[in-house]
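Enquirer: In the UniProt record's numbering, the protein residues as written are 1 to 147. Glycine included, each C-beta is placed from N, C-alpha and C at the ideal position.
1) Compute the distance between the beta-carbons of residue 62 and residue 124, then report whether it is under 7 Å.
2) Please list, in chain order, all residues of the same chain as residue 103 whose beta carbon is under 8 Å from its beta carbon, the five residues on each side excluded.
3) When the Cα atoms are used, what is the spatial distance from residue 139 to residue 25?
4) Just checking my contact of residue 46 with residue 101 at CB under 8 Å: how many whole Å lie between their CB atoms?
5) So the candidates are 3, 23 and 90; which of them puts its Cα closest to the Cα of residue 96?
6) Given that a residue counts as buried once 16 or more other Cβ atoms are within 10 Å of its Cβ, and exposed if not, what is residue 16?
7) Within 10 Å of its beta-carbon, does residue 33 have 16 or more other beta-carbons around it, so buried, or fewer, so exposed?
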């Protein structure tokens, strides 16, 4: 059976998602990523993302074959700024058996240095689908960036 990579963003799970484990059958409304967002690499090879607030009218069903939590380092774009930007080259994946409901976000910094954070941005899921990885719903712009 065909496999597809799906990105389940942290806020989508924390808001309206249900934790799942490797081996579970799931039904998700998926939105395909447009070419611009695929080229960015932000979704780590995923072809679609879970959209709990719209997306496709139908659910894509499949069996979860693997789950990797996506960790990213962030830093202030300038000292004293409230905006955190991803630090290039700091993405790491952590293989897990179950996707958590709540994700880890750790902040650090010193009184004189820039504020930094390490966030778990979501889960990269390998989904085995019966009907193939054709267009998973409609193509839309990717979810908004957080600061």
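Expert: On the basis of the supplied data:
1) no
2) 10, 13, 14, 69, 119, 120, 121 and 122
3) Confidence at residue 139 is low in this model, with a pLDDT of 44, below 50, so its placement is unreliable and no value can be given for it.
4) The pair is not a contact, with the Cβ atoms about 20 Å apart (cut-off 8 Å).
5) 23
6) exposed
7) buried
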